[in-house]
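J.:
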Amino acid sequence: MAINFKQRSILPGFGLTLGFTLLYLSLIVLIPLSATFLKASTLTWAQFWHTVSAPRAVASYRLSFGASFIAALTNLFFGLLVAWVLVRYSFPGKRLLDSLVDLPFALPTAVAGIALTTIYSPHGWIGRYLAAIGIKGAYSPLGVVIALTFVGLPFVVRTVQPVLADLEKDTEEAAASLGASRWQTFSRVILPAVLPAAVTGFTMAFARAVGEYGSVVFISGNMPMRTEITPLLIITKLEQYDYAGATAIAVVMLVVSFTLLLAINLLQKWSSERQKKGSAADSLAPDETLTPGLALQEG
Amino acid sequence: MAATITLNRQSAFSSAAGVAEATTEPALVRGILIAIAALFLGLFLFLPLAVVFAAAFAKGVSAYFVSFREPDALAAIRLTLLAAGIAVPLNLVFGVCAAWSIAKFEFAGKSLLITLIDLPFSVSPVVSGLIYVLLFGLQGLLGPWLAAHDIKIIFAVPGIVLATIFVTFPFVARELIPLIQAQGSEEEEAALTLGASGWQTFLRVTLPNVKWGLLYGVILCNARAMGEFGAVSVVSGHIRGLTNTMPLHIEILYNEYQFVSAFAVASLLALLALVTLVAKSAVEWKAKQQHAALARNWEEVTV
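Given below as structure tokens:
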């Protein structure tokens, strides 16, 4: 290894482990992904654009992205609430609820899909009450939003929890001693501190929801132009042997996924920098102060 | 009420009760927030779990067990176990190699490598399956060559295994990398200077330190491997008794209105999910114990 590629170390095994890592990564991830873009490049730009902007495709984007956005927003609000309750309060059953939050990570999507459909279908435990007031739970966009809320539930909670737990109490106490009401303290002191983590969680929930298939495909009803999500459109095209069309839409989804992945990485960097700045400010000696000019440059 | 609901640990050390009261909400607000959180979690988490078991036993216990004697169900369970049995060890080896090379060394392109390893997480399951169809399918890049040699990958078991490997690719690596990074390299370097070989160092120094995180990564990887639906659905061909995993079999049963059988098979996967959650709590508890023991040892050494 050239010295400027890797720092010197006495630990052995770099060549072997990195070599295997790169080989496995290429075989499993990189080469198949390139096959997709290679296949997509056999389409002309006009064909590609025609496929991805067809009315049925656009309707599916609107459902997939729209429902994911609403679901992620719901999870942002309730996730903050749940994280707050789990970190700040003590009550019987807290430990159980805390472990249960991870259920959407552990439960297979098909199981979640049939369970949610059973609950919200017109004769289901909740669906019957919704039907009584004229709302369609399953087989409607609302069903899609419910399924996507389930799928994205842990993200905001798990990204906000550690940040909330690490918040120093002294800023809150200072605000209280200066006469702030509890709501003012929460909205002006606590909320801005957890905002980066919350936004990161929101984006992760959104990214997961956009690509979700198993949980949604049972509850949505899959009517083209109305309740058909984009992944299902890809499968439908595959079943009709329209490989080019399926690939074109897959490329759209891949571009969106990679963009969201980039956004999440940037958000996580912002979040950890915020946390570092917060703890750095706390560790200043009494006679040291951050000069305003310095603070502006760092911001 | 205020006496029994404990405030967070920092204010528990405050002497002034006035300070403690100023940094939390009135009891009524607390109660309402807890109720809302419990309602939300109950609605979205507890209810689906409950309905799986309720529907599985809706026609009684014997109907539940009869669902598992059906040959297609047994074949689906076998295929699921096979796919997970291949995918999880392979991804375990990969995870360990990747974690060693990433966490113990500094090199150019490290963050790019980490991002690439995270890629399967961000790709939709259906697209994950599609990329293998485009590579190995009849109309794919390698399709003609595979057909000429009579090798079936797509719509056969190898395709299912490949798709499962792809979607569970990052689990072990993601679990191990921060863990090994946090451990630092001092213990390994000490072992090496004392004459241990690379393998001995790895097996007797690194591995014991990360064993709980590793175990949890394997459990997560396994849960996802057994439960994968979208990616396997695309590559499988849905041939009953041959290329259906448990989630695909559940889909078939559900679409044929055989609800008890569908939920019976689903209940097995739900039990697996519960085991995963329990394992996570156990690993966190063990890790905390290990941490506390290390802190105690450090105090004894430095005091």
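Sequence lines, in order, name chains U and W. If you count the first sequence from 1, you need to add 23 to reach the numbering used here. If you count the second sequence from 1, you need to add 6 to reach the numbering used here. Even for Gly, the Cβ is constructed at its ideal location relative to N, Cα and C. Note that the structure is a prediction, hence the values are computed from the model and not measured.
1. Between P131/U and chain W, is the shortest Cβ-Cβ distance under 7 Å, so that the two count as touching?
2. Quick check on the DSSP output: the alpha helix (DSSP H) that includes E192/W runs from which residue to which?
3. Would you identify the three-state DSSP class for F71/U, choosing helix, strand or coil?
4. Note down, in chain order, every chain A residue with its Cβ under 9 Å from the Cβ of C227/W.
5. How would you list, in chain order, the residues of chain U whose beta-carbon sits under 7 Å from the beta-carbon of R302/W?
6. Are the segment 93-102 of chain U and the segment 221-229 of chain U touching, with three or more C-beta to C-beta distances below 8 Å?
7. Starting from D124/W, find everything on chain U with Cβ-Cβ shorter than 8 Å and list it in chain order.
8. Check whether chain U comes within 7 Å of V129/W, counting only Cβ atoms and requiring the distance to be less than that.
9. Between P127/U and the rest of its own chain, which residues show a CB-CB distance below 6 Å, the 5 nearest in sequence each way excluded?
10. Chain U beta carbons: is any one of them nearer than 7 Å to that of R36/W?
11. Give the residues of chain W in contact with A228/U, contact being defined as C-beta atoms less than 7 Å apart.
12. Is it buried or exposed for F74/W, if we count other Cβ within 10 angstroms and need 16 for buried?
13. Interface residues of chain U around A114/W at Cβ under 7 Å?
14. Quick one: Cα of I160/W to Cα of L255/U, how far?
15. At 8 Å on the CB atoms, spell out the chain U contacts of F52/W, in chain order.
16. Can you check whether the CB of L171/U is closer than 7 Å to the CB of A232/U?
17. Near N97/W, which residues of its chain fall below 7 Å by C-beta distance, leaving aside the five closest residues on each side in sequence?
18. For P253/W, count neighbouring Cβ atoms within 10 angstroms of its own Cβ and tell me buried if that reaches 16, exposed if not.
19. Are the segment 43-57 of chain U and the segment 124-137 of chain W in contact at 8 Å, needing three or more beta carbon pairs?
20. Got a sec: is the Cβ-Cβ distance from Y236/U to anything in chain W below 7 Å?
21. When you compare only the Cα positions, how much space is there between R31/U and L198/W?
22. Below 7 Å CB to CB, which residues in the same chain sit around T223/U once its five sequence neighbours on both sides are set aside?
23. Please confirm if the segment 99-114 of chain U is in contact with the segment 42-58 of chain W, defined as three or more CB-CB distances below 8 Å between the two stretches.
24. Cα-Cα, which of V179/U, G150/U and K29/U is closest to G166/U?
25. For F113/W, which beta-bridge partners are listed by DSSP?
26. Along chain W, in chain order, which residues have C-beta atoms closer than 7 Å to that of E195/U?
27. Between the alpha carbons of Q16/W and L218/U, how many angstroms are there, rounded?
28. Anything in the segment 172-197 of chain U with a Cβ closer than 7 Å to a Cβ of chain W? List those residues in chain order, please.
29. Quick one: list the residues of chain W neighbouring G36/U, beta-carbon separation under 7 Å, in chain order.
30. Could you give the distance in angstroms between the alpha-carbon of L51/W and the alpha-carbon of L187/U?
31. For F241/U, is the classification buried or exposed, using 16 other Cβ atoms within 10 angstroms of its Cβ as the cut-off for buried?
32. Mind checking whether G204/W and G36/U have CB atoms under 7 Å apart?
33. Using a Cβ cut-off of 7 Å (strictly closer), state whether K292/W contacts chain U.
34. Does the pairing of the segment 133-142 of chain U with the segment 255-275 of chain U give three or more beta-carbon distances under 8 Å?
35. Can you tell me whether DSSP reads N98/U as helix, strand or coil?
36. For Y138/W and chain U, any beta-carbon pair shorter than 7 Å?
T.: According to the structure shown:
1. Position 108 of the first sequence, counted from the first residue, corresponds to residue 131/U. Interface criterion met: the Cβ of P131/U is under 7 Å from a Cβ in chain W.
2. Taking the second sequence and counting its residues from 1, the one referred to as residue 192/W is at position 186. Per DSSP, E192/W belongs to the alpha helix (DSSP H) from E192 to T199.
3. Walking along the first sequence from the start, residue 71/U turns up at place 48. Three-state result, F71/U: helix.
4. The structure shown has no chain A; the protein chains it does contain are U and W.
5. Residue 302/W sits at position 296 when you count from the first residue of the second sequence. Chain order gives no chain U residues near R302/W, where near means a beta carbon separation below 7 Å; the closest approach is about 22 Å.
6. Contact between the segment 93-102 of chain U and the segment 221-229 of chain U is present: three or more C-beta pairs spanning the two stretches fall below 8 Å.
7. Residue numbering aside, residue 124/W sits at position 118 when the second sequence is read from its first letter. In chain order: L284.
8. Sequence index remark: in the second sequence, residue 129/W carries index 123 (1-based). Chain U contact via Cβ: present.
9. Here residue 127/U corresponds to residue number 104 of the first sequence, with the count starting at 1. Correct list, in chain order: F173, V174, L176 and P177.
10. Counting from 1 along the second sequence, the entry for residue 36/W is found at position 30. It does: the Cβ of R36/W has a partner Cβ on chain U nearer than 7 Å.
11. Within the first sequence, numbered from 1, the residue matching residue 228/U stands at position 205. None at all; the shortest Cβ gap to chain W is about 13 Å.
12. The residue labelled residue 74/W in the question sits at position 68 within the second sequence. Residue environment: F74/W is assigned as exposed (fewer than 16 neighbouring CB atoms within 10 Å of its CB, all protein chains considered).
13. In the second sequence, residue 114/W corresponds to position 108, counting from 1. What A114/W touches in chain U: F28.
14. To locate residue 160/W, count along the second sequence from 1; it is residue 154. To locate residue 255/U, count along the first sequence from 1; it is residue 232. Taking the straight line joining both Cα atoms gives about 19 Å.
15. As a position in the second sequence, residue 52/W is number 46, starting the count at 1. L123, listed in chain order.
16. Here residue 232/U refers to the residue found at position 209 when the first sequence is read from its first residue. Here residue 171/U refers to the residue found at position 148 when the first sequence is read from its first residue. Their beta carbons are under 7 Å apart, which means A232/U touches L171/U by this criterion.
17. For the purposes of this step, residue 97/W is taken as the residue at position 91 of the second sequence. Cβ neighbours of N97/W beyond the five flanking positions: I171, T174, F175, F177, V178 and C227.
18. As a position in the second sequence, residue 253/W is number 247, starting the count at 1. So P253/W counts as buried.
19. Because the criterion of three Cβ pairs below 8 Å is met, the segment 43-57 of chain U and the segment 124-137 of chain W touch.
20. Here residue 236/U refers to the residue found at position 213 of the first sequence. Yes, its Cβ sits closer than 7 Å to a Cβ of chain W.
21. The residue you call residue 31/U lines up with position 8 of the first sequence. The residue you call residue 198/W lines up with position 192 of the second sequence. Rounded to the nearest angstrom, the two C-alpha atoms are 15 Å apart.
22. Position 200 of the first sequence, counting from 1, holds the residue named residue 223/U. The residues are T182, I287, L290, Q291 and S294.
23. Between the segment 99-114 of chain U and the segment 42-58 of chain W, the count of Cβ pairs shorter than 8 Å is three or higher; the stretches touch.
24. To locate residue 166/U, count along the first sequence from 1; it is residue 143. The shortest C-alpha separation from G166/U is found at G150/U.
25. In the second sequence, residue 113/W corresponds to position 107, counting from 1. Per DSSP, K29/U.
26. One-based indexing of the first sequence puts residue 195/U at position 172. The contact set of E195/U on chain W, defined by CB atoms closer than 7 Å, consists of T29 in chain order.
27. Translated into the one-based positions of the second sequence, residue 16/W becomes position 10. Translated into the one-based positions of the first sequence, residue 218/U becomes position 195. Its pLDDT being 49, under 50, Q16/W is placed unreliably by the model, and the measurement read from it follows with that caveat. Straight through space, the alpha carbons of L218/U and Q16/W are spaced by roughly 22 Å.
28. Going along the segment 172-197 of chain U in chain order, one finds T172, F173, L176, K192, E195 and E196 with a Cβ nearer than 7 Å to chain W.
29. Stepping through the first sequence from its first residue, residue 36/U is reached at position 13. Simply W106 and G204.
30. Taking the second sequence and counting its residues from 1, the one referred to as residue 51/W is at position 45. Taking the first sequence and counting its residues from 1, the one referred to as residue 187/U is at position 164. Between L51/W and L187/U, the C-alpha separation is close to 23 Å.
31. Counting from one through the first sequence, the residue named residue 241/U turns up at place 218. Result: buried.
32. Numbered from 1 along the second sequence, position 198 holds the residue referred to as residue 204/W. Numbered from 1 along the first sequence, position 13 holds the residue referred to as residue 36/U. Taking 7 Å as the Cβ cut-off, G204/W and G36/U qualify as a contacting pair.
33. Along the second sequence, read from residue 1 onward, the residue named residue 292/W stands at position 286. So, not an interface residue.
34. Contact fails between the segment 133-142 of chain U and the segment 255-275 of chain U, because fewer than three Cβ pairs, one in each stretch, are under 8 Å apart.
35. Here residue 98/U is taken as the residue at index 75 of the first sequence, counted from 1. The three-state secondary structure of N98/U, taken from DSSP, is helix.
36. In the second sequence, counting from the first residue as 1, residue 138/W sits at position 132. Residue-level contact check: Y138/W touches chain U, since one or more beta carbons of chain U fall below 7 Å from its beta carbon.
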